[in-house]
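Residue numbers (the working numbering): 1 to 409.
What follows is a short report on a single structure.
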Amino acid sequence: MALERIRQLKSHLTQSSGLAALEVKRPDDVVITMAVRSPLCKSKKGALKDTGSDELLTSMFKAAIQKSQIDPSLIGDICVGTVLAPGAMYQARSAAIAAGIPVTTPVQVINSGLMAVTTVANQIKAGQIDVGLAVGVESMSANPDMGAPPLSEEILAHSTAKDCKEPMGWTSENVANDFAVTREEMDQWAAASFQRASHAQLAGFFKSEIVPIDAFSGAAGSKERTKIVVTEDDGIRHGTTAEGLSKIRSAFPQWGGKTTGGNASQITDGAAAVLLLRRSKAEELGLKVIAKWVTTTVVGLAPRVMGIGPSIAIPQVLEMAGITASDVDLFEINEAFASMMVYCIRTLKLDKEKVNVNGGAIALGHPLDIQIATGLAELRRRKQKVVVTSMCIGTGMGAAAVFVNEDLD
């Protein structure tokens, strides 16, 4: 123990900086030994449309436990990220138990997969747990976004607070109008997203990150309902071009008319899971470390342009990590709308060839909990080191996180 403490102190005192500092391995690092996702399937039309969010979550838990090769009784806490599921705490806790996780393992719920990962990482960093499971799930077939609930007169009278209730499409048009993003630029980015996702799927790039999911075909309670296994994304539109997208009519002509069903994120069903441990615990258990979580940041901004959140969060998280954009090999930014993607890439001066290289939410679907699994899988395939994941958040927030690939064999 004394020797390990000396090594730990020595590593903390090492005068490394930038990328070299991130590559230093310490016993108290928060590491990842598994990052997987379900297939992403079209809401109301795809292979998961008849599978409830509690059923999808149960299947994700089962797949994660099987893939992780860990005794579930060792999991100190589970954090489930979800936005739309009603009674999310009931679903999360009962699904974990139904999947075979002991009743002694607690469960909590938060508003996104990235924040679930961050919550577990911080618990490990604080010494509260050694092992934690972060899960993200969204069934937009079962739980469509119905918008904001009724709000008080005081909120509605506030010039900024009232914007929190406005539809996401309105915020997309605000970004396009306020920052001179053209329809042509939006369609070009959307086409690139589809084309990259198409290439990745046809080349088999997604196979290493997707786990088969037990699901159902047929409405709940019907005699025709049968069990199925879903293995592939089904929302990618192969052969999509910018010219084709330019012919799609505006979804929100009343607010500007640049956002369409072709250059906005798909409405999708899906889930993902990440197993995080203290490095010393992973080594004790003999588990292969595939990546290290470095840090996460969350920022706030005007709700009316919530989409530009990554343009604020990414510089902040890079500064916190002590690196620059040139140190980053890949960026996984949630494509809520093409308007915010065009703005964020332009403002941050990012190399487009590093951003969403296998497509993003426009092509794959809105549940953004897959970004970590997708980003880490692509880093492994390319034998590269650093990925930054980021997202905008409805009501006016943004988040970003830094991960370092350690699976370079």
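Cβ coordinates follow ideal geometry from the N, Cα and C atoms, glycine included.
Given PRO253 as reference, the closest of GLU173, TYR90, ALA271 once Cα atoms are compared | GLU173
How long is the line joining the alpha carbons of ALA99 and GLY307, rounded to whole angstroms?
-> 36 Å
Please look up how many angstroms separate the CB atoms of THR104 and LEU275, rounded, as I've assumed it's under 8 Å.
-> That pair is no contact at about 18 Å.
Considering only the beta carbon of each residue, do ALA401 and THR118 sit closer than 8 Å?
-> yes
Anticipated Cβ contact below 8 Å, VAL328 with THR296, distance rounded | About 15 Å separates the two Cβ atoms, so there is no contact after all.
How many whole angstroms separate the CB atoms of GLY270 and GLY365, which I take to be in contact at a CB cut-off of 8 Å?
-> 6 Å
Rounded distance between the beta-carbons of ARG380 and VAL30, thought under 8 Å | VAL30 to ARG380, Cβ: 19 Å. No contact.
Indicate whether the contact test is met: 3 or more Cβ pairs, each with one atom in the segment 184–200 and one in the segment 322–342, closer than 8 Å.
-> yes
Element boundaries [alpha helix (DSSP H), containing ARG382] = 371–382
Nearest CA to the CA of LYS247: which residue from THR51, THR260, PHE206, PRO102?
-> THR260
Spatial neighbours of ASP145 in its chain, beta-carbon cut-off 7 Å, leaving aside the 5 residues before and after | LEU84
Starting from TRP293, follow its DSSP beta bridges and name the residues at the other end.
-> VAL30, PHE403
Who are the Cβ neighbours of LEU245 in its own chain at under 8 Å, not counting the five residues just before and after it?
-> ASP187, ALA190, ALA191, THR260, GLY262, ASN263
In terms of residue numbering, what span does the beta strand (DSSP E) encompassing LYS227 cover?
-> 226–230
How about GLN91 and ASP54: do their beta carbons lie closer than 8 Å?
-> yes
Spatial neighbours of THR324 in its chain, beta-carbon cut-off 7 Å, leaving aside the 5 residues before and after = LEU318
Just the C-alpha distance for LEU330 and ALA399, rounded to the nearest angstrom, thanks.
-> 16 Å
Got a sec? Which residues, its chain only, sit under 7 Å from LEU9 by beta carbon, not counting five neighbours each side?
-> Caution applies to LEU9, whose pLDDT of 40 falls short of 50 and renders its modelled position unreliable; the value that the coordinates give is listed next. Counting only Cβ-Cβ distances below 7 Å, and skipping sequence neighbours, we find nothing.
Does the beta-carbon of GLU406 have 16 or more other beta-carbons within 10 angstroms, so that it is buried, or is it exposed?
-> buried
MET391 (DSSP reduced to helix, strand or coil) = strand
LYS45 classed as buried or exposed, judged by whether at least 16 other C-beta atoms fall within 10 angstroms = exposed
Run through DSSP, which three-state label would ALA35 get?
-> strand
To the nearest angstrom, how far is it from the Cα of ILE236 to the Cα of ALA64?
-> 24 Å
Exposed or buried, what is ILE393 when buried is set at 16 or more other beta-carbons lying within 10 Å of its beta-carbon?
-> buried
Coil, strand or helix - PHE337 by DSSP = strand
Do you know how far the Cα of SER159 is from the Cα of VAL230?
-> 46 Å
So which of ILE97, ILE101, GLU138, LYS125 has the shortest CA-CA distance to ILE110?
-> GLU138
What is the DSSP secondary structure of ILE110, counted as helix, strand or coil?
-> strand
Alpha-carbon spacing of GLY256 relative to LEU285, whole angstroms = 56 Å
C-alpha gap between SER198 and GLU153, whole angstroms | 47 Å
Apart from the five residues just before and just after MET89, which ones in its own chain have a Cβ nearer than 6 Å to its Cβ?
-> VAL109
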